[in-house]
Structures are given as C-alpha cells and as structure tokens.
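Here the structure is laid out as structure tokens; the discussion comes afterwards.
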Amino acid sequence: MAWNAEHADWPDYAPRARAGRPWRWWHALFGGLDDPLGALVRARSRLFLWMPIALGLGAGAYFSMPVEPRTGSYGLAAALGLSGAGLWARAPLAARFPAAILALAALGFLLAGLRAHLVAAPVLGYRYYGLVEGRIVQIDRSSSDRLRLTLDRLRLERLPQDRWPERVRVTMHGDQEQLQPVPGMRVTMRAHLSPPPPPAAPDGYDFRRAAWFDRLPGG
C-alpha cells in the first residue's frame, strides 16, 4: 500500500515530536506560565531543590561587592530574611515560595559574611625582607616544582608582634638537596614576604580572596 504524503493527515503531536528536545526544555521552563499562581503554589513542594540556588545567589551577592559591606548591609539582609520567613508562615500560598527564596538568599549573604569574618587574620599589607622563624604545618610543591613550606607561630625580625601574620607560605630557592623538612619542625630562614597579587585579568582568579580564606595573608 502506497503512502501519499501530500494528502496524509499528520497526527496532532507530530510538530512537537519533530521539535524534540528544544520543545521539552521550553515546556519545562515555561509550561506553568498559563497558570503562574498555581505554578508558585506547586513550587513549594520543590523548595528543597531551590535551596542551594537561593543560598548561592545570596553568597554571590556578597562576593560581588568590591569592598566589605558595611553594618547596614548586614542589617538590611537580616531584615529581608526575617520578612521572608514571616511571609512564608503567614502569606497566601502563592507568595510563600518567593518569600522562602528571599529568606534563603538573605541567609546566604549573611553566612558568606560570617565565614569571611571567622577566618579573619592579620593581613600582610607590606613587603618584608628579613629573618622569618616559624613551625612547618604543610609541605607541598609550587607550580614550578619548588619546595614550598607553610609556616605558623611566626616571629618576624624588626616588626612588633601585632604586625606578624598568622601564617605564611614560603617557596624555597637554591640547593634543596640538604633540606629535609617535616611537619612540626621549627625553621629559621631569610625570606621575602609580600601580599598576594590581585587578579591577573578582570574576573580572573582572585589570589587575595583565596589567601584570605586559607588564612595565608602573604608569602
């Protein structure tokens, strides 16, 4: 039996079948727009899946700021978080999902700020050359395969104790064959110390931020 494509009646689902995956993505993203309030009510059951996204948005807002937020910014975030939590408990069903996202984003902002303050340590805001004494707490290799030591319990020559950083990372140069360091060993050396460099390109890797959270203000 011959199939006459010119006069055939295609099933109603044929255009969608030909659309394939793009159609499924479109339907998944915008399928609830014909009933937006109902979509918000149904989204409450998926709030657990949205929690990392909302927390990440808040943390991202904190880290996108060029300088440390002032106290008022934390107060505003706390107020928004409490407002969102209150709306979640008392608002109409359609408003509870956006309220929860607002509260979680505010919480993410506050948690990022709290973590940044908990790891705060004296910052090496200057260049230093002189004797450095400290205890080895970590041994690894630099990108140039040189021996690298992380030291704590520092003593810096000619500087008052309140200006000593908590930890530094020192890359060893010269002949290293005779050097066999082990964690816990206390060493004294003459070293150059400097603050971490800024990003090499806009939006590039931020060495200063990484050093701050590693409690390594210089090396």
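Quick note, this note's numbering runs 407 ahead of the 1-based positions in the sequence shown.
All C-beta atoms, glycine included, are put in the ideal place defined by N, C-alpha and C.
With distances taken between CB atoms, is the gap from residue i to residue j smaller than 7 Å?
{"i": "residue 502", "j": "residue 573", "result": "no"}
{"i": "residue 473", "j": "residue 543", "result": "no"}
{"i": "residue 514", "j": "residue 482", "result": "no"}
{"i": "residue 519", "j": "residue 466", "result": "yes"}
{"i": "residue 586", "j": "residue 564", "result": "no"}
{"i": "residue 491", "j": "residue 510", "result": "yes"}
{"i": "residue 500", "j": "residue 577", "result": "no"}
{"i": "residue 512", "j": "residue 464", "result": "yes"}
{"i": "residue 526", "j": "residue 614", "result": "no"}
Report the residue from the options whose alpha carbon sits nearest the alpha carbon of residue i.
{"i": "residue 601", "options": "531, 525, 556, 555", "result": "531"}
{"i": "residue 556", "options": "579, 504, 506", "result": "579"}
{"i": "residue 610", "options": "460, 471, 458", "result": "471"}
{"i": "residue 516", "options": "476, 494, 498, 504", "result": "476"}
{"i": "residue 453", "options": "496, 497, 545, 508", "result": "508"}
{"i": "residue 521", "options": "480, 496, 534, 500", "result": "480"}
{"i": "residue 592", "options": "495, 533, 545", "result": "545"}
{"i": "residue 571", "options": "533, 606, 607, 451", "result": "533"}
Could you tell me which residues DSSP pairs with residue i in its beta bridges?
{"i": "residue 598", "result": "537"}
{"i": "residue 562", "result": "540"}
{"i": "residue 545", "result": "557"}
{"i": "residue 593", "result": "542"}
Mind checking which residues open and close the beta strand (DSSP E) that includes residue i?
{"i": "residue 553", "result": "No beta strand (DSSP E) holds residue 553; DSSP gives it neither H nor E."}
{"i": "residue 574", "result": "574-578"}
Measuring straight from C-alpha to C-alpha, what distance separates residue i and residue j?
{"i": "residue 630", "j": "residue 622", "result": "What is shown of the chain runs 408 to 626, which leaves residue 630 out entirely."}
{"i": "residue 616", "j": "residue 468", "result": "15 Å"}
{"i": "residue 559", "j": "residue 612", "result": "25 Å"}
{"i": "residue 595", "j": "residue 604", "result": "25 Å"}
{"i": "residue 548", "j": "residue 575", "result": "15 Å"}
{"i": "residue 562", "j": "residue 536", "result": "13 Å"}
{"i": "residue 590", "j": "residue 458", "result": "40 Å"}
{"i": "residue 496", "j": "residue 505", "result": "12 Å"}
Less than 6 Å separating the Cβ of residue i from some heavy atom of the ligand NAP?
{"i": "residue 462", "result": "Ligands displayed in this structure: none; no statement on the ligand NAP is therefore possible."}
With residue i as the anchor, note down where its alpha helix (DSSP H) starts and where it stops.
{"i": "residue 519", "result": "500-525"}
{"i": "residue 459", "result": "454-470"}
{"i": "residue 495", "result": "478-497"}
{"i": "residue 619", "result": "614-620"}
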